[in-house]
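Structure record follows, encoded as structure tokens.
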Amino acid sequence: MRTKALLLTAALSAAGVATSMAQTPVYSVNAVGYVNTVLHPGFSLISNPLTAADNTLAGLFGGGKVPINTVVYKYTGTGFDINTYTDDEVFAPNPNQTVTPGEGVFIKIPGTADVTVTFVGEVPTGTLTVDLPKGLSIRSSKVPQAGTATSLGLVGQENDTFYQYVNTGNPATSGYKISTVQDGEWGPPLGSLKVGEAFFYKAATAGTWTRTFNINN
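Numbering-wise (the numbering used here), the sequence shown opens with residue 11 and increments by one.
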């Protein structure tokens with residue numbers, strides 16, 4: 011019950027706001043590419059799917075990429091670092107807050123129009139590791155691919171819990187799809203993640219999510 015309450019608080023009433031997103035990844039032979047992420051008004055739980063030249067909020071979302079009054083919430087493990095895109099076109103109070111591949115944030119888009127954010131950067135390759143601290147965190151795949159977390163290399167430990175926020179476009183039916191490892195199996199089965207989609211993960215014990223990925227494989 012405590013975890014459910016924390017997640018509902020962490021979602022910042024996202025279940026009451028109609029949101030969704032879609033991504034189109036493009037890779038080049040030199041492992042540099044871009045991902046178009048379509049953000050609908052309201053809350054979305056997203057990641058930075060590429061290693062950009064500037065992984066700060068200013069670099070990823072500044073310069074008019076998102077509308078004024080867009081808010082980004084980065085979960086710290088106990089609460090959120092909250093930054094708002096102001097009339098001066100800066101993120102305040104901390105424009106240097108980073109969002110790197112493997113992490114995730116809530117982003118709240120104001121108004122009624124969809125917004126497309128284009129991430130440009132290097133496709134992470136080699137041996138890639140995402141830390142999974144004990145307790146709740148927001149995490150994402152370091153590889154910009156769609157699929158279930160297990161198909162993307164995540165091996166859950168006994169009693170780990172996976173919270174995928176599913177927005178159907180109807181506040182009455184939107185919410186978390188929750189899966190837990192019991193007897194070595196995820197139940198119910200994990201849903202597919204979009205490119206650049208983040209999720210809450212509750213690790214029973216601290217661990218890592220490691221995957222080896224090469225662009226030409």
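Here a beta-carbon is modelled for each residue, glycine too, at the ideal position from N, C-alpha and C.
Classification of ASP64 by the beta-carbon crowding that lies within 10 angstroms, buried from 16 upward: exposed
As assigned by DSSP and simplified to three states, the class of GLY89: coil
Neighbourhood of ASN224 by C-beta, 8 Å cutoff - its chain only, sequence neighbours within 5 removed: THR135 and GLY136
PHE116 to ASP193 span [Cα, whole Å]: 32 Å
Contact check, PRO103 vs ALA68, beta carbons under 8 Å: no
Residues sharing a beta bridge with ILE78, DSSP: Paired residues: none, contrary to the question.
Range of the contiguous alpha helix (DSSP H) that encloses GLY206: Unbroken run through GLY206: none, as it is neither H nor E.
Length of the line joining the Cα atoms of TYR83 and GLY43: 26 Å
Cβ of LEU55 within 8 Å of any chain C Cβ: You won't find chain C in this structure, because it holds only one protein chain.
Top-ranked residue by Cα proximity to GLY163, from ASN169, SER150, VAL100 and GLN174: SER150
Of the residues GLN155, ILE119, GLU207 and PRO154, the one placed nearest THR94, counting alpha carbons only: ILE119
Alpha-carbon to alpha-carbon, THR183 and THR110: 31 Å
SER57 and GLY206 closer than 8 Å at C-beta: yes
Reference THR158; option with closest CA among THR190, LYS204, GLY121 and ASP124: LYS204
For LEU70, the first and last residue of its enclosing alpha helix (DSSP H): 67 to 71
Buried versus exposed, by CB contacts within 10 Å (16 or more), LYS144: exposed
Bridge partners - VAL191, DSSP secondary structure assignment: TRP196
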